[in-house]
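> Dropping a structure here in structure tokens format, bear with me for questions.
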Amino acid sequence: MAKLFFNYSSMNAGKTTILLQSAHNYRERGLTPMLFTPKLDDRFGEGWIKSRIGLQAKATIFTLEDDLFEITRAQLEERNIHCVLVDEAQFLSREQVYQLSEIVDRLNIPVLCFGLRTDFQGELFEGSKYLLAWADQLTEIKTICHTGRKANMVVRVDDEGYALKEGAQVEIGGNERYVSVSRAEFKKVFIGGQRIKFIDPVKGDVEDENDPDGEQENDRLL
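In terms of this note's numbering, the sequence shown opens at residue 6 and continues consecutively.
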């Protein structure tokens with residue numbers, strides 16, 4: 006029997022890479038996956054899913070007004086669909102999560118969703134909320150915080166590394182920086198007002214001109 010899967014994580018855990026690898030595995034076996042990606046995420050061009058390591062694939066774009074069940078059923082009239090894969094599933098509406106469950110229950114097609122669980126304020130996205138409630142199977146894709154703990158939250162920070170506590174839940178292509186952190190680190194940075202001190206992955210620690218010796222206790226290294 007088909008199932009509705011929700012694979013969730015913090016940022017930079019490899020969700021999109023796993024999605025694209027899953028699509029490749031289906032095609033390699035002569036099966037046809039259908040890929041969905043939200044219209045609002047056009048960082049790599051409209052209708053493209055692309056991972057940070059360079060894998061990419063064309064996908065069907067959707068907006069909050071689209072009925073994913075009807076789109077999939079229409080495609081079935083032209084070709085077989087063996088699996089539905091949804092990127093950035095946190096941007097789904099409640100109704101669209103229900104539509105995905107209908108693809109599973111009425112069309113008997115497995116649906117694999119990949120997305121974030123919480124936003125930069127520690128709140129559930131709408132799509133994630135209902136996927137957590139209705140999915141048949143939940144899988145956490147793990148990544149780590151710079152402290153070495155498991156990262157399960159995200160903070161949005163400014164150029165100085167201070168958490169931004171207000172703003173739109175969705176910010177695509179802005180100047181803000183998103184950082185995956187543990188719950189403990191989220192509380193220190195978002196609630197406690199501590200800052201993250203960025204580290205250049207090539208040059209090493211980037212010196213803070215106000216604290217050249219790195220002695221301020223409220224700096225969190227990344």
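Note that the Cβ used here is the ideal one computed from N, Cα and C, for glycine as well. Keep in mind it's a predicted model, so treat the numbers as computed, not measured.
#1: Quick one: residues in its chain with C-beta nearer than 6 Å to the C-beta of residue 115, no 5 flanking neighbours on either side, listed in chain order?
#2: So, is residue 166 buried or exposed, given that buried needs 16 or more other C-beta atoms within 10 angstroms?
#3: Between which two residues does the beta strand (DSSP E) carrying residue 61 extend?
#4: Quick check: the region 151-164 against the region 104-111, are at least 3 beta-carbon pairs closer than 8 Å?
#5: How long is the line joining the alpha carbons of residue 66 and residue 73, rounded to whole angstroms?
#6: Between 21, 186, 191, which lies nearest to residue 59 when the distance is taken from Cα to Cα?
#7: Which of the three DSSP states, helix, strand or coil, is assigned to residue 34?
#8: Would the beta-carbon of residue 125 fall within 8 Å of that of residue 94?
#9: So, is residue 92 buried or exposed, given that buried needs 16 or more other C-beta atoms within 10 angstroms?
#10: Taking the alpha-carbon of residue 199 as reference, which of 26, 61, 163 has the nearest alpha-carbon?
#11: If we ignore side chains and look at the alpha-carbon of each, how far apart do residue 187 and residue 137 end up?
#12: Measure the Cβ-Cβ separation of residue 41 and residue 127 and say whether it is below 8 Å.
#13: Measure the Cβ-Cβ separation of residue 97 and residue 54 and say whether it is below 8 Å.
#14: Name the DSSP bridge partner or partners of residue 121?
#15: With a threshold of 7 Å on Cβ separation, who are the neighbours of residue 86 within its own chain once the five nearest residues in sequence on each side are excluded?
#16: Around the C-beta of residue 143, are 16 or more other C-beta atoms found within 10 angstroms, so that it is buried, or is it exposed?
#17: Based on Cα-Cα distance, which residue from 26, 101, 122 lies nearest to residue 16?
Reading off the structure:
#1: As a first step, residue 115 is located in the sequence shown; it is residue number 110 there, counting from the start. Around residue 115: 7, 8, 88.
#2: By 1-based counting over the sequence shown, the position of residue 166 is 161. Counting Cβ neighbours within 10 Å, residue 166 comes out buried, since at least 16 surround it.
#3: Counted from its first residue, the sequence shown places residue 61 at position 56. Residues 61-63.
#4: no
#5: Translated into positions along the sequence shown, residue 66 becomes position 61. Translated into positions along the sequence shown, residue 73 becomes position 68. In a straight line, the C-alpha of residue 66 is about 10 Å away from that of residue 73.
#6: For the purposes of this step, residue 59 is taken as the residue at position 54 of the sequence shown. Considering only alpha carbons, the answer is 21.
#7: The residue given as residue 34 occupies position 29 in the sequence shown. Coil.
#8: In the sequence shown, the residue the question calls residue 125 occupies position 120. In the sequence shown, the residue the question calls residue 94 occupies position 89. Result no, Cβ atoms of residue 125 and residue 94 do not sit closer than 8 Å.
#9: Within the sequence shown, the letter at position 87 stands for residue 92. It is buried - the Cβ of residue 92 has at least 16 other Cβ atoms within 10 Å.
#10: Working through the sequence shown from its first residue, we reach residue 199 at position 194. Taking only the C-alpha atoms, the option nearest residue 199 is 163.
#11: On the sequence shown, position 182 is the one that residue 187 refers to. On the sequence shown, position 132 is the one that residue 137 refers to. If I take the Cα positions, the gap works out to 20 Å.
#12: Taking the first residue of the sequence shown as 1, we reach residue 41 at position 36. Taking the first residue of the sequence shown as 1, we reach residue 127 at position 122. No. Outside cutoff.
#13: Looking up residue 97 in the sequence shown gives position 92. Looking up residue 54 in the sequence shown gives position 49. No, the pair does not count as a contact, with Cβ atoms beyond the cut-off.
#14: By one-based count along the sequence shown, residue 121 stands at place 116. Answer is 14, bridged to residue 121.
#15: Here the question's residue 86 lines up with position 81 in the sequence shown. 37, 39, 77, 80, 114.
#16: Taking the first residue of the sequence shown as 1, we reach residue 143 at position 138. The residue in question, residue 143, is exposed, as its Cβ has fewer than 16 Cβ neighbours within 10 Å.
#17: For this step, residue 16 is matched to residue 11 along the sequence shown. Cα-wise, what sits closest to residue 16 is 122.
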